[in-house]
Amino acid sequence: MKNIIKKPIKTELKDNLNYMNLDYLKNIAKVYEVDKAYKMKKQELVDKLFEKMTDENHLISNLAAYYEHEEYTCSVKGNEAVSESIKVLGLAKIGLYFLYDLGDGNIESIMPEEIKKVINNIEENKIELIKSRYSEVFNYLRAFKNFYGIFEIDFFLNIFNEQHENEKGLSLKELMYYLDKYNLHNNEIVNYNGMLVCEALCMFEGDIDKVLEEREGKEYCILEKEELLNYSDDYYMKKTLYYYNLEEYLLKHLKYKKDVEGIIEDINIKCVMDTFDIQNAIMRLHDMGMEIHNKKDIEKLFKLCVEFGNNTPKWINKGWTPADLMKKDSKETSGLNLVVSNKVGRNDPCPCGSGKKYKKCCGK
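Numbered by the numbering used here, the letters in the sequence shown go through residues 21 to 384 in order.
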């Protein structure tokens, strides 16, 4: 655990800030919008942070961002509330708690007296008002991240403002501010050359360029507000006929029925990101106890996975499914990204996991 203090407990804010190293102070300076913190010496930075962290408006803004994240986390996971220890860790990230090592694995959390005083005097509706606006914008960011993977900032602003025609719009300056607040607790969206990118695309060099190349010349799939916001739930998956066909097959052939939903979620994510590998999927299912007896079993699973993938929105298609693109132009086959080119070669290892070549096992 980072930033644990191994010194006598202090209850004043400046004392706690002075305990912390310069890297910590610079990170907290970003949270409280301290200009040119990188140029400041430690004591100057401590003084400036004290001023910002005891300002009601800054506290309201950062508390609202935390509470929005907490509320979202509880809603998608079906929990009524987060534990007190998780809450303390979340608030410690924005400098409202300091953690002390008491030895023997015991940790004490301290909220400085000055911060307590300001928070106790804040009217609850002030935080709720800011949190409500955060939630409105954050849910669009979540939905765009999950549905498109990567998208232009202008595109986001246009859709948001079109779908809030009779409500308060959103400017570029506001969006950048809200994005900073969103990433305090989520850290899932990266600003990349005028585009916002899901962090999952930033793990390996070249992934972003690959997606951008595949998307070239394609229009965005524009969803109505209600349907779009379904994707603000990180676990949302549209349950099509092809979902139910695959689910039915897996329920019939898998030993542990409780695993089925998680398996389909995993297949869905890989299809969305265009990283699905049918052979790896079959190997994994075999390891989980799925019985694959012959070539017919493999071909059936191939067919179900291909149909599922071809009816799943893809980042490389700007939210369109491969089937959508085929319908739009039957002459254009480039959108059909999940094809059976991954078919097992006769000399490849059999996906059933037997260790034999496919031609001498299920491919007979």
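All residues carry an ideal CB built from backbone N, CA and C; glycine is no exception.
Is it buried or exposed, residue i, if we count other Cβ atoms within 10 angstroms and call 16 or more buried?
i	result
T332	buried
K313	Residue identity check: residue 313 is His in the sequence provided, not Lys. So H313 ends up on the exposed side.
L37	buried
C94	exposed
M196	exposed
I106	exposed
N77	exposed
T353	Legend: pLDDT at T353 = 49, less than 50; position of this residue unreliable, value from coordinates given subsequently. By the 10 Å Cβ count, T353 comes out exposed.
D90	Checking the sequence, you will find Glu at residue 90 rather than Asp. E90 is buried by the Cβ-count criterion.
Assuming contact is defined by CB atoms lying nearer than 8 Å, are residue i and residue j in contact in what I supplied?
i	j	result
L119	M73	no
Y87	I139	no
I173	R235	no
I209	I150	no
N265	E327	yes
V54	I114	no
F167	L232	no
E133	T31	yes
I170	I242	no
L192	F180	no
Following the continuous alpha helix (DSSP H) through residue i, name the residue where it begins and the one where it ends.
i	result
S211	Going by the sequence as given, residue 211 is Asn instead of Ser. Not the alpha helix (DSSP H): N211 falls in the beta strand (DSSP E), residues I209 to Y212.
I48	L42 to V51
Q183	Counting along the chain, Q183 falls outside any alpha helix (DSSP H), and DSSP gives it neither H nor E.
V66	K62 to M73
F322	K315 to N330
P342	P342 to K348
K34	L33 to Y39
Within the same chain, show all residues whose beta-carbon is closer than 8 Å to that of residue i, passing over the 5 residues directly before and after it, in chain order.
i	result
E285	Y255 and M257
I29	Y120, E128 and I130
Return the first residue and the last residue of the beta strand (DSSP E) that residue i is part of.
i	result
K215	For the record, residue 215 in the displayed sequence is Met; it is not Lys. Segment M215 to C218, the beta strand (DSSP E) holding M215.
F171	I170 to E172
Can you list, in chain order, the residues of its chain whose CB lies under 7 Å from that of residue i, leaving out five sequence neighbours each side?
i	result
L324	N265, L266 and Y269
K277	L271
K27	Y39
E156	none
K46	A57 and Y58
Excluding the 5 residues preceding and the 5 following residue i in the sequence, name in chain order all residues of the same chain whose CB lies nearer than 6 Å to its CB.
i	result
Y252	Note that residue 252 corresponds to Ser in the displayed sequence, not to Tyr. The answer, listed in chain order, is N159, R162 and A163.
Practice task
Run through the stretch 236-301 for me and flag every whole alpha helix (DSSP H) of 4 or more residues, listed as ranges in chain order.
Solution key: Unbroken alpha helix (DSSP H) runs of no fewer than 4 residues, entirely contained in the stretch 236-301, are found at 245-250, 261-273 and 280-292, following chain order.
Handout entry: Runs of alpha helix (DSSP H) lying entirely within the stretch 76-157, each at least 4 residues, in chain order
Key = DSSP runs (the alpha helix (DSSP H)) wholly in the stretch 76-157: 76-97, 104-112 and 133-140.
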